[in-house]
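Asker: Quick note, the sequences are listed as chains A and B, same order.
Position one of the first sequence corresponds to residue 119 (my numbering), numbered consecutively onward.
Position one of the second sequence corresponds to residue 346 (my numbering), numbered consecutively onward.
Okay, handing you the structure first.
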Amino acid sequence: MTAVRVLVGTRKGAFVLTSDGQRRQWKVSGPHFAGWEIYHVKGSPVDPNRLYASQSSGWFGQVIQRSNDGGETWEPVGNQFSYEGEVGTHLWYDGTPHPWEFKRVWHLEPSLADPDTVYAGVEDAAIFRSTDGGQTWKELNGLRHHSTGGYWQPGAGGMAVHTIILDPTNPQRIFIAISAAGAFRTDDGGATWKPINRGLKSEYVLPDPEASVGHCVHRIAQHPSRPNVLFMQKHWDVMRSDDAGDSWHDVGDGLPSDFGFPIEVHAHEPETIYVVPIKSDSEHYPPEGKLRVYRSRTGGKQWEALTTGLPQSDCYVNVLRDAMAVDRLDPCGIYFGTTGGQVYVSPDSGDHWEPIVRDLPPVVSVEVQTL
Amino acid sequence: MTTASSNIRLELPYHLRTLARIDSEVQLEILGPVTQRAVLDALEARYPMLRGTIRDYDTQQRRAFLRFFACNQDLSNESPDALLPAAVASGAEPYLVIGALAGG
Numbered sequence: 119m120t121a122v123r124v125l126v127g128t129r130k131g132a133f134v135l136t137s138d139g140q141r142r143q144w145k146v147s148g149p150h151f152a153g154w155e156i157y158h159v160k161g162s163p164v165d166p167n168r169l170y171a172s173q174s175s176g177w178f179g180q181v182i183q184r185s186n187d188g189g190e191t192w193e194p195v196g197n198q199f200s201y202e203g204e205v206g207t208h209l210w211y212d213g214t215p216h217p218w219e220f221k222r223v224w225h226l227e228p229s230l231a232d233p234d235t236v237y238a239g240v241e242d243a244a245i246f247r248s249t250d251g252g253q254t255w256k257e258l259n260g261l262r263h264h265s266t267g268g269y270w271q272p273g274a275g276g277m278a279v280h281t282i283i284l285d286p287t288n289p290q291r292i293f294i295a296i297s298a299a300g301a302f303r304t305d306d307g308g309a310t311w312k313p314i315n316r317g318l319k320s321e322y323v324l325p326d327p328e329a330s331v332g333h334c335v336h337r338i339a340q341h342p343s344r345p346n347v348l349f350m351q352k353h354w355d356v357m358r359s360d361d362a363g364d365s366w367h368d369v370g371d372g373l374p375s376d377f378g379f380p381i382e383v384h385a386h387e388p389e390t391i392y393v394v395p396i397k398s399d400s401e402h403y404p405p406e407g408k409l410r411v412y413r414s415r416t417g418g419k420q421w422e423a424l425t426t427g428l429p430q431s432d433c434y435v436n437v438l439r440d441a442m443a444v445d446r447l448d449p450c451g452i453y454f455g456t457t458g459g460q461v462y463v464s465p466d467s468g469d470h471w472e473p474i475v476r477d478l479p480p481v482v483s484v485e486v487q488t489l
Numbered sequence: 346m347t348t349a350s351s352n353i354r355l356e357l358p359y360h361l362r363t364l365a366r367i368d369s370e371v372q373l374e375i376l377g378p379v380t381q382r383a384v385l386d387a388l389e390a391r392y393p394m395l396r397g398t399i400r401d402y403d404t405q406q407r408r409a410f411l412r413f414f415a416c417n418q419d420l421s422n423e424s425p426d427a428l429l430p431a432a433v434a435s436g437a438e439p440y441l442v443i444g445a446l447a448g449g
């Protein structure tokens with residue numbers, strides 16, 4: 119039986135949406151962890167019943183929850199994220215040195231090979247790994263101790279590792295992205311990292327627009343069949359790399375705005391990518407009040423607006439960086455959640471859209487499991 | 346020589362009760378001096394999922410948006426090793442962990 123399970127993190131809890139392969143009729147479960155910010159929920163590709171959730175609040179800090187039954191029941195696991203070695207400083211908004219302080223887990227990335235291994239991208243920017251199902255967490259401090267670390271500065275939303283991509287063909291290679299330090303790659307399992315930002319330009323943001331670090335990368339996406347091809351939604355610009363991030367070029371021409379947060383790749387078409395443009399860095403809502411997903415079938419540069427079933431007037435929601443996902447059914451389903459509390463699905467690769475739910479709390483993240 | 350024990354009462358904010366799956370106030374046995382540190386150590390020993398939610402893991406400082414009260418007094422800025430009021434130690438009054446009323 120084919121089915122999909124959509125894992126939705128919101129500002130006030132997590133929701134689990136399930137449907138069969140038709141993706142027309144949905145069951146809604148939740149809110150789980152009601153009242154808490156759920157930054158991310160993601161399942162293990164090895165054991166789809168094993169889920170991890172990042173649960174946090176300004177009052178009570180960070181909790182990690184784990185499910186062994188596909189989200190029906192949960193148990194808190196380890197929540198101690200202590201920086202290893204010298205804590206040191208990064209730059210604060212005003213350019214002064216500021217000590218690294220753990221605030222929350224932004225993104226959880228379960229291992230491709232082991233359900234008990236999971237990576238956590240955190241704020242202030244660092245990456246942790248657990249190998250015991252989330253009970254204990256150890257920092258891979260080669261990232262934070264990179265020679266440029268002292269110069270990293272937060273973006274408006276904080277300084278966080280928000281994207282983690284595990285290379286399906288090389289277990290030693292991981293890509294990450296930090297707002298606002300840029301993209302980095304490890305080729306030794308996380309011991310050492312190198313910035314991969316050559317070709318990115320951040321005019322009016324950095325003193326040197328082409329600096330090796332300091333770019334506000336919003337999201338990176340990869341198709342598993344092409345691990346060296348990466349797509350990036352940046353603070354302005356949609357970029358592409360064909361050499362595992364060693365160089366980038368702009369593929370955003372044709373978009374009404376190349377500012378946005380999420381970017382995703384079609385499950386079966388590695389050159390088909392999706393973005394959700396918003397007006398500008400000062401106006402985080404769709405241009406002209408029209409919610410449009412843009413699709414390129416050529417890996418960028420040629421774009422078409424996808425609007426059927428999406429509001430085309432008076433719509434001023436945003437889609438956050440971790441709030442878009444694809445399933446592996448055929449046709450590929452595309453999903454995204456908005457800051458207005460809607461979760462939309464297109465069961466036909468973006469040609470038509472329908473709301474699954476309309477009135478959730480603001481959506482922070484969306485992941486999809488194909489069962 | 347036996348160490349004196351005290352049975353104290355503790356109340357948690359809603360979200361921490363939910364996290365620890367507690368329906369009502371908590372009753373804890375404290376061996377030795379009844380201090381804020383001893384009470385919170387005992388709480389976390391019984392409910393490990395509460396570690397890090399009331400006190401920062403590394404500094405053991407009270408989290409910024411929480412307050413500690415007892416006997417109509419704000420004890421938030423008192424030394425964690427200062428003795429709590431006798432009424433708390435005797436169980437007559439509860440020790441309160443309260444979330445600050447802030448935000449949405």
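Virtual Cβ for every residue (Gly too), placed ideally from N, Cα, C.
#1: Whether or not the segment 407 to 427 of chain A and the segment 383 to 393 of chain A are in contact is what I'm after, with contact meaning three or more pairs of Cβ atoms, one per stretch, closer than 8 Å; do they touch?
#2: List the residues of chain B whose Cβ lies closer than 7 Å to the Cβ of F246/A, in chain order.
#3: Quick one: what's N179/A bridged to in DSSP?
#4: Hey, how far is the Cα of E485/A from the Cα of Q173/A?
#5: Here's the rule I'm using: 16 or more other beta-carbon atoms within 10 Å means buried, otherwise exposed. How should E382/A be labelled?
#6: Taking only the alpha-carbon atoms, compute the straight-line gap between E190/A and D165/A and give it to the nearest angstrom.
#7: Near L428/B, which residues of its chain fall below 7 Å by C-beta distance, leaving aside the five closest residues on each side in sequence?
#8: Looking at the structure shown, is P393/B part of a helix, part of a strand, or coil, going by DSSP?
#9: Taking only beta-carbon atoms, is G397/B less than 7 Å away from chain A?
#10: Could you tell me which residues DSSP pairs with G370/A in its beta bridges?
#11: Taking the alpha helix (DSSP H) that R262/A belongs to, which residues open and close that run?
#12: Tell me where the beta strand (DSSP E) around V433/B begins and ends.
#13: Could you check if A274/A is buried or exposed, using at least 16 other CB atoms within 10 Å of its CB as the buried criterion?
#14: Hey, could you find the ends of the alpha helix (DSSP H) A365/B is sitting in?
#15: Report the CB separation of G407/A from W471/A in whole angstroms; it is logged as a contact under 8 Å.
#16: Buried or exposed for D336/A, going by 16 or more other Cβ atoms inside 10 Å?
#17: State the DSSP-derived secondary structure class of R476/A, mapped to helix, strand or coil.
#18: Tell me, which residues are paired with E227/A by DSSP?
#19: Can you name, in chain order, every residue of its own chain whose Cβ lies under 7 Å from the Cβ of T249/A, other than the five neighbours on each side?
#20: Ignore the nearest five residues each way along the sequence and tell me which others in K312/A's own chain have a CB closer than 7 Å to its CB.
#21: Less than 7 Å separating the beta-carbons of V181/A and G239/A?
#22: Would you please state the rounded distance, in angstroms, between the beta carbons of Y392/B and A431/B? I believe it to be under 8 Å.
#23: CB L302/B to CB T348/B, shorter than 7 Å?
#24: For G436/B, return the contacting residues in chain A, with the cut-off set at a CB-CB distance below 9 Å.
#25: Taking only beta carbons into account, state which residues of the segment 197 to 210 of chain A come closer than 7 Å to chain B, listed in chain order.
#26: DSSP state of Q405/B, grouped into three classes?
#27: I believe D401/B touches R412/B by the beta-carbon criterion, under 8 Å. Please report the beta-carbon distance rounded to the nearest angstrom.
#28: Label W210/A either buried or exposed according to how many other C-beta atoms from any shown protein chain fall within 10 Å of its C-beta, with 16 as the threshold for buried.
#29: Strictly under 7 Å for the Cβ-Cβ distance: is P496/A near chain B by that measure?
#30: How many Å lie between R141/A and G468/A at the Cα?
#31: P405/A to I396/A, Cα distance in whole Å?
#32: Give the straight-line distance between the Cα atoms of N288/A and L385/B, rounded to the nearest whole angstrom.
#33: For E202/A, which of helix, strand or coil comes out of DSSP?
#34: For A427/B, report the span of its beta strand (DSSP E) as first-last.
#35: Comparing alpha-carbon positions, which option in H225/A, G252/A, G276/A lies nearest D242/A?
#36: Does the beta carbon of Y402/B sit closer than 7 Å to a beta carbon anywhere in chain A?
Answerer: Quick look at the numbers:
#1: yes
#2: Going along chain B, no residue has its Cβ under 7 Å from F246/A, so there is no contact; the nearest lies around 13 Å.
#3: The identity of residue 179/A in the sequence shown is Gly, whereas the question assumes Asn. Beta-bridge pairing links G179/A to S175/A.
#4: Cα-Cα distance, rounded: 15 Å.
#5: buried
#6: Here the C-alpha atom of E190/A lies approximately 15 Å from the C-alpha atom of D165/A.
#7: P378, V379, T380
#8: Helix.
#9: Contacts with chain A at 7 Å (Cβ-Cβ) include G397/B.
#10: Residue pairing by DSSP places G370/A in no beta bridge whatsoever.
#11: Segment: none, R262/A is in no alpha helix (DSSP H) and carries neither H nor E.
#12: From DSSP, V433/B is part of no beta strand (DSSP E) but of the alpha helix (DSSP H) over 431 to 434.
#13: exposed
#14: 359 to 365
#15: Contact flag wrong, Cβ pair sits at about 16 Å.
#16: Note that residue 336/A is His in the sequence shown, not Asp. H336/A comes out buried.
#17: coil
#18: Y237/A
#19: D234, T235
#20: F302, R303
#21: no
#22: About 26 Å separates the beta carbon of Y392/B from that of A431/B, a gap too long to meet the 8 Å contact definition.
#23: Shown here, chain B extends from 346 to 449; a query on residue 302/B therefore has no answer.
#24: Ordered by position in chain A, no residue passes the 9 Å Cβ test against G436/B, which lies about 26 Å from the chain.
#25: N197, Q198, S200
#26: coil
#27: Incorrect: roughly 15 Å between the Cβ atoms, too far for contact.
#28: exposed
#29: Residue 496/A falls outside the range modelled here, since chain A spans only 119 to 489, and no answer is possible.
#30: Whole-angstrom Cα-Cα distance: 13 Å.
#31: 6 Å
#32: 45 Å
#33: In the structure shown, E202/A sits in coil (DSSP, three-state: anything other than H, G, I, E or B).
#34: Element bounds for A427/B: n/a, residue is neither H nor E.
#35: G276/A
#36: True, the Cβ-Cβ gap to chain A drops below 7 Å.
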